[in-house]
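Only one structure is covered here, and it is reproduced in the block below.
There are 2 protein chains.
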Amino acid sequence: MKKGKRTWIFANKPSLISGAAVGAQMEKEGPMAPSFDYFFDDMRAGKLSFEMAERAFLQKACNIALEKAALQKEDIDCFLAGDLMNQIISSSFTARDLPCAYLGQFGACSTSAQALLVGAALIDSGFAEKVLCATVSHNASAEKQFRFPNEYGIQKPPYSQFTVNAAGAGILSSEKASVCITAATPGRVIDIGITDAFNLGAAMAPAAFDTIKTHLEDMALNFGHYDLIITGDLGRTGHECLMDILSDAKMEFDSKRILDGGLLIYNTHTQNVFSGGSGCGCSAAVLFVHYLPLLQQKEIRRLLFVATGALMSPVSMQQGESIPCIAHAVSLEVM
Amino acid sequence: MKKGKRTWIFANKPSLISGAAVGAQMEKEGPMAPSFDYFFDDMRAGKLSFEMAERAFLQKACNIALEKAALQKEDIDCFLAGDLMNQIISSSFTARDLPCAYLGQFGACSTSAQALLVGAALIDSGFAEKVLCATVSHNASAEKQFRFPNEYGIQKPPYSQFTVNAAGAGILSSEKASVCITAATPGRVIDIGITDAFNLGAAMAPAAFDTIKTHLEDMALNFGHYDLIITGDLGRTGHECLMDILSDAKMEFDSKRILDGGLLIYNTHTQNVFSGGSGCGCSAAVLFVHYLPLLQQKEIRRLLFVATGALMSPVSMQQGESIPCIAHAVSLEVM
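Here the protein sequences line up with chains L and V, keeping their order.
Here the working numbering runs 3 ahead of the position in the first sequence, where the first position is 1.
Here the working numbering runs 3 ahead of the position in the second sequence, where the first position is 1.
Following this line, the structure appears as structure tokens:
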């Protein structure tokens with residue numbers, strides 16, 4: 004790292020060797036469905052509670068990621084995971100079944116990228132050879148915890164987002180493979196003073212902008228370097244905000260090459276998801292089962308993954324606080 | 004890292020150059036009081052809510068740690084912090100005032116060691132030059148969230164612990180200094196099936212044992228290598244459990260050189276704290292303002308800091324789950 008820069012450059016090019024995602028009915032009806040590895044028939048996944056179901060989603064994604072890489076649990080050195088549940092119980096209870104080190108991550112919906120960049124740093128520096136990075140979210144457990152149980156039927160504004168029922172898991176390795184993490188830019192907290200907990204896309208867009216701008220400046224790159232920039236999850240409102248901020252900043256970019264996980268995972272015209280998807284599992288699923296294969300098949304060669312998180316809690320909202328937001332960027336390139 | 008080992012050895016010896024801790028009235032009446040940097044007169048710290056007070060504690064500790072190191076906020080590359088609040092709002096809102104990268108950590112009361120070991124890895128590998136590691140806990144906000152508001156006056160069992168009102172902050176640096184982090188052992192999750200949320204000391208003791216044993220084996224050391232092992236926070240019950248487990252394992256250790264942060268921060272005979280202190284801020288405060296100076300003055304030369312965390316949530320307890328626990332170890336040595 005050079006003084007005054009926030010970007011980490013990975014000299015040893017940690018590889019992303021495997022990715023998996025699981026979802027439920029809503030995700031099965033979305034445009035990303037063919038890429039998913041598994042769908043649970045019901046949101047309870049046969050469990051007694053939505054929280055237990057969320058954990059089952061995460062465990063399933065981790066197991067499939069291991070299978071795809073032909074690895075056993077015992078081959079993993081470190082499990083980096085997080086979720087939206089209070090005290091990230093989905094991750095910690097999943098860690099109980101793994102014999103390796105566990106470091107709980109919290110970055111709300113930015114957790115997928117946070118886990119990847121910490122994992123890449125651990126592999127790059129030789130502290131681990133295989134790192135399992137995973138996140139999950141569940142619509143019913145999240146709504147119940149952050150807002151109201153779904154059964155109440157609370158009306159939502161059009162700029163709100165739908166927390167996905169999905170888990171994504173990826174395995175980083177010190178072995179050479181076609182898709183590598185070449186650099187990463189951890190985010191800083193940006194809070195523009197939004198106090199409406201439904202308006203997360205708009206709250207997070209400035210953080211996405213700050214991290215993308217910092218990443219390009221630190222690396223002396225322009226937008227053209229990346230075939231795609233995948234943000235996640237700003238939804239339609241947040242994505243439009245980001246386009247406006249980029250335009251206002253007079254940056255040269257191709258809007259067709261900046262996509263958002265929250266808009267990719269659902270059909271926002273036919274599925275009742277308001278401004279799009281959100282939740283820890285959304286951007287992780289989109290990356291691990293849709294864009295990782297495209298990179299592996301060399302259909303795209305350079306992707307900047309920018310996961311965004313809104314770091315408020317129900318208590319902070321009730322106490323009138325605004326929403327601190329963050330975005331972490333991970334650069335994936337075909338070697 | 005050698006295959007099959009969990010311990011990270013830091014070749015570049017990241018240094019711990021500054022530490023600070025703040026508390027409130029209970030901590031001011033405890034045996035560690037002379038070491039603390041600052042005490043808030045009231046638990047609300049002049050704020051409107053206990054949650055806002057908790058944040059003020061964390062901000063104060065961070066500011067003092069910066070002052071002690073003669074550093075500005077702008078000198079910090081990365082802020083690694085966590086707390087017990089849902090969505091770790093104390094840490095994320097504190098990060099809002101810092102211009103650097105922020106990676107939210109969650110390991111319950113093990114967060115202090117988790118932040119130190121991730122920070123040491125980032126410095127050792129050149130991804131950061133200065134890392135601010137901090138944790139906080141607040142009795143009233145924690146009781147309200149995890150159990151009942153203090154005003155209810157719920158009776159507690161003698162093996163329960165008292166969440167400290169304290170924040171601890173430490174600064175890691177790539178510059179050479181007298182106290183270095185030479186190695187660290189990230190923990191794995193251990194769950195022995197305890198379902199009583201007051202009995203956290205007993206639940207966490209096996210995790211402390213597992214991490215200490217793994218650390219000593221990975222490093223080919225015996226207990227005698229360390230002048231002190233500071234666990235945190237097992238309390239009296241958990242500490243006694245750990246002594247029993249060590250004895251049962253036929254390990255050779257000097258019980259006088261294994262101390263617990265939860266027993267050090269309060270006088271458990273005269274203060275009404277049941278089995279001792281707990282909370283993210285407890286072990287951090289004890290390390291940063293009491294043992295760091297002892298290392299700097301070379302009164303002790305080798306200390307193993309083993310912070311323990313109980314990773315349940317109120318929801319997981321209500322759903323009848325047992326308590327997954329973890330312990331992370333950090334080796335501090337005088338160079």
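For each residue, glycine too, the CB sits at the ideal point set by N, CA and C.
From a predicted model like this one, the values you see are computed outputs, not experimental measurements.
Here Val292 (chain L) carries a helix assignment [DSSP, helix/strand/coil].
By the criterion of at least three beta-carbon pairs nearer than 8 angstroms, the segment 165-178 of chain V is in contact with the segment 11-31 of chain V. Taking C-beta atoms as the reference points, Thr97 (chain V) and Cys136 (chain V) fail to come closer than 9 angstroms.
DSSP places Glu336 (chain V) in the uninterrupted beta strand (DSSP E) bounded by Cys328 to Val337. Spatial neighbours of Lys76 (chain L) in its own chain (CB-CB distance under 7 angstroms, excluding positions within 5 residues in sequence) are listed in chain order as Leu69, Leu101 and Pro102. Residues of chain L whose Cβ lies closer than 7 angstroms to the Cβ of Asp194 (chain V) are, in chain order, Arg99. Gly33 (chain L) sits buried, since 16 or more C-beta atoms from the chains shown fall within 10 Å of its C-beta. In the structure shown, Gly129 (chain L) falls within a coil segment according to DSSP collapsed to helix, strand and coil. Under the 8 angstroms Cβ criterion, the segment 285-293 of chain V does not count as touching the segment 175-189 of chain V, having fewer than three qualifying pairs. For Ala143 (chain V), the uninterrupted alpha helix (DSSP H) run begins and ends at Asn142 to Phe149, by DSSP.
Excluding five sequence positions before and after Ala206 (chain V), the CB atoms of its chain that fall closer than 6 angstroms to its own CB belong to Ile197, Ala313, Ile326 and Cys328, given in chain order.
Counting along the chain, Ala208 (chain V) sits inside the alpha helix (DSSP H) bounded by residues Leu203 to Met222.
Counting along the chain, Ile20 (chain L) sits inside the beta strand (DSSP E) bounded by residues Ser18 to Gly26. At least one beta carbon of chain L lies nearer than 9 angstroms to the beta carbon of Ala111 (chain V). Residue contact check for Ile20 (chain L) against chain V: no CB pair falls below 9 angstroms. Phe53 (chain V) and Glu324 (chain L) have their C-alpha atoms spaced approximately 14 angstroms apart. Boundaries of the beta strand (DSSP E) harbouring Gly235 (chain L): Leu231 to Gly235, taken from the DSSP string. As the crow flies, the alpha-carbon of Lys133 (chain V) is around 18 angstroms from that of Ala187 (chain V).
Of the other Cβ atoms in all chains shown, 16 or more fall within 10 Å of the Cβ of Ile92 (chain L); this residue is therefore buried.
Judged by their CB atoms, Ala200 (chain V) and Leu237 (chain V) are not nearer to each other than the 9 angstroms cut-off. For Gln117 (chain L), the number of other beta carbons within 10 angstroms of its own is at least 16, and it is reported as buried. Sixteen is the threshold: when 16 or more other Cβ atoms of the shown chains lie within 10 Å of the Cβ of Asn89 (chain V), as they do, the residue is buried. Nearest Cα to Phe42 (chain L) within the set L:Val333, L:Ile79 and L:Ala288: L:Ala288. Contact between Arg304 (chain L) and Asp230 (chain L) holds, with the beta-carbon distance rounding to 6 angstroms and staying under 8 angstroms. Taking a cut-off of 8 angstroms on C-beta distances, the segment 105-112 of chain V touches the segment 108-127 of chain L, as three or more cross pairs fall below it.
In this structure, V:Arg191 is the residue among V:Glu302, V:Arg191 and V:Phe226 with its C-alpha nearest to the C-alpha of Pro209 (chain V). Phe82 (chain V) has V:Tyr105 and V:Leu135 as its beta-bridge partners, per DSSP. Straight through space, the alpha carbons of Arg9 (chain L) and Asp247 (chain L) are spaced by roughly 24 angstroms.
A residue is called buried when at least 16 other Cβ atoms come within 10 angstroms of its Cβ; Asp127 (chain L) meets this threshold and is buried.
Counting every other CB atom within 10 Å of its CB across the protein chains shown gives Thr273 (chain L) a total below 16, marking it as exposed. Of the candidates L:Gly282, L:Leu297, L:Met338 and L:Gln300, L:Gly282 places its Cα closest to the Cα of Thr114 (chain L). In this structure, V:Ala27 is the residue among V:Val121, V:Lys259 and V:Ala27 with its C-alpha nearest to the C-alpha of Phe60 (chain V).
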